[in-house]
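Visitor: If you read the sequences in order, they're chains A and B. One point on numbering: in the numbering used here, the residue at position 64 of the first sequence is 64, and numbering is uninterrupted. One point on numbering: in the numbering used here, the residue at position 105 of the second sequence is 105, and numbering is uninterrupted. Glycine is no exception: its CB is placed at the ideal position from the N, C-alpha and C atoms. This one's a predicted model, so the numbers in the text were calculated from it and none came from an experiment.
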Amino acid sequence: SVLTQPPSVSGAPGQRISISCSGGTSNIGTFGVNWYQSLPGTAPKLIMSRNNQRPSGVPARFSGSKSGTSASLAISGLLPDDEADYYCAAWDDTVKGHMVFGGGTTLTVL
Amino acid sequence: QVQLQQSGPGRVKSSETLSLTCSVSGVSISSTSYYWAWVRQSPGKGLEWIGNIYYNGITFNNPSLESRVTTSIDTSKHQFSLNLTSVTAADGGVYYCARQTLIKYSYGYVDFGLDVWGQGTTVTVSS
Numbered sequence: 001s002v003l004t005q006p007p008s009v010s011g012a013p014g015q016r017i018s019i020s021c022s023g024g025t026s027n028i029g030t031f032g033v034n035w036y037q038s039l040p041g042t043a044p045k046l047i048m049s050r051n052n053q054r055p056s057g058v059p060a061r062f063s064g065s066k067s068g069t070s071a072s073l074a075i076s077g078l079l080p081d082d083e084a085d086y087y088c089a090a091w092d093d094t095v096k097g098h099m100v101f102g103g104g105t106t107l108t109v110l
Numbered sequence: 001q002v003q004l005q006q007s008g009p010g011r012v013k014s015s016e017t018l019s020l021t022c023s024v025s026g027v028s029i030s031s032t033s034y035y036w037a038w039v040r041q042s043p044g045k046g047l048e049w050i051g052n053i054y055y056n057g058i059t060f061n062n063p064s065l066e067s068r069v070t071t072s073i074d075t076s077k078h079q080f081s082l083n084l085t086s087v088t089a090a091d092g093g094v095y096y097c098a099r100q101t102l103i104k105y106s107y108g109y110v111d112f113g114l115d116v117w118g119q120g121t122t123v124t125v126s127s
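(1) When DSSP labels each residue in this structure, what does B:Ser126 get in the three-state scheme?
(2) Please confirm whether B:Gly108 and A:Thr30 have their CB atoms less than 8 Å apart.
(3) Could you have a look at B:Thr85 and say whether DSSP puts it in helix, strand or coil?
(4) Distance cutoff 8 Å, beta carbons only. Does B:Asn56 sit that close to anything in chain A?
(5) With the cut-off set at 8 Å, would you say B:Val69 and B:Asn56 are in Cβ contact?
(6) So which residues of chain B does A:Thr108 contact, with C-beta pairs closer than 7 Å?
(7) For B:Thr137, does the three-state DSSP call read helix, strand or coil?
(8) Taking B:Gln6 as the reference, which of B:Val24, B:Ser33, B:Tyr54, B:Ala90 has the closest Cα?
(9) Quick check: what's the CA-CA separation for A:Ile19 versus A:Gly68?
(10) Alpha carbons only, please: which of B:Ser72, B:Val125, B:Ser127, B:Lys45 is nearest the one belonging to B:Trp38?
Next comes the structure, spelled out in structure tokens:
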């Protein structure tokens, strides 16, 4: 994937975890990043827009940041329901412009 | 309430064309604020953006699929569609349509995200 994420992260209930996403100047560095939560059998859900903007209904436990060509999604006060796959995504302006996803990170709540 | 309703066959024969349609309600498909996108997820794999289309027919496509992808839009029917030609087993998976907010700035396009999704269509490619 153009955007690099760790395959997995884990944390205990109540803890804070973060998921990294590394890209380049043609994507994250210039255009920012969005984050999606994916649960089995359901459509993905946008949980962070433009680096750090939470869409309506997303709990404040979710936060995002960007620095240079990398970004992070943090989840504090982990809940069992947070167990899911998380994907970063960004617009990439190479080859006429297209969207790219990271490879996804599986969050396990221990 | 914005809703996207997908339709189309769940089984396609290898080498043939996959065709899916997404019907939009609750928002004008001709809105200048949105692009209309397709995303897929193959079994055990991650999300893959296929492409999108604007109300006026402008499209952006995944470079790895562009030679096989055609997206179209029918504003009178409030629908947009995906055609993927010459499918193989690797094209099987769950296909989603989605609304994408993509804004053009002086330095390029900025993606604000895919915020409304269809229910997904599971596609099986048979030999």
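Guide: The answer reads as follows:
(1) Position 126 of the second sequence, counted from the first residue, corresponds to residue 126 of chain B. Strand, per DSSP.
(2) Counting from one through the second sequence, the residue named residue 108 of chain B turns up at place 108. Counting from one through the first sequence, the residue named residue 30 of chain A turns up at place 30. In contact: B:Gly108 and A:Thr30 (Cβ atoms closer than 8 Å).
(3) One-based indexing of the second sequence puts residue 85 of chain B at position 85. Here B:Thr85 sits in coil by DSSP.
(4) Taking the first residue of the second sequence as 1, we reach residue 56 of chain B at position 56. Judged by the 8 Å Cβ criterion, B:Asn56 is not in contact with chain A.
(5) Against the second sequence, residue 69 of chain B aligns to sequence position 69. Against the second sequence, residue 56 of chain B aligns to sequence position 56. No, they are not a contact pair.
(6) In the first sequence, the residue the question calls residue 108 of chain A occupies position 108. Near A:Thr108 there are no residues of chain B at all, since even the closest Cβ is about 17 Å away, more than 7 Å.
(7) For residue 137 of chain B there is no data in the structure shown, the boundaries of chain B being 1 and 127.
(8) Against the second sequence, residue 6 of chain B aligns to sequence position 6. Selected option, being the one with the closest Cα: B:Val24.
(9) For the purposes of this step, residue 19 of chain A is identified with residue 19 of the first sequence, where counting begins at 1. For the purposes of this step, residue 68 of chain A is identified with residue 68 of the first sequence, where counting begins at 1. C-alpha separation (whole angstroms): 16 Å.
(10) For the purposes of this step, residue 38 of chain B is taken as residue 38 along the second sequence, with counting starting at 1. Selected option, being the one with the closest Cα: B:Ser72.
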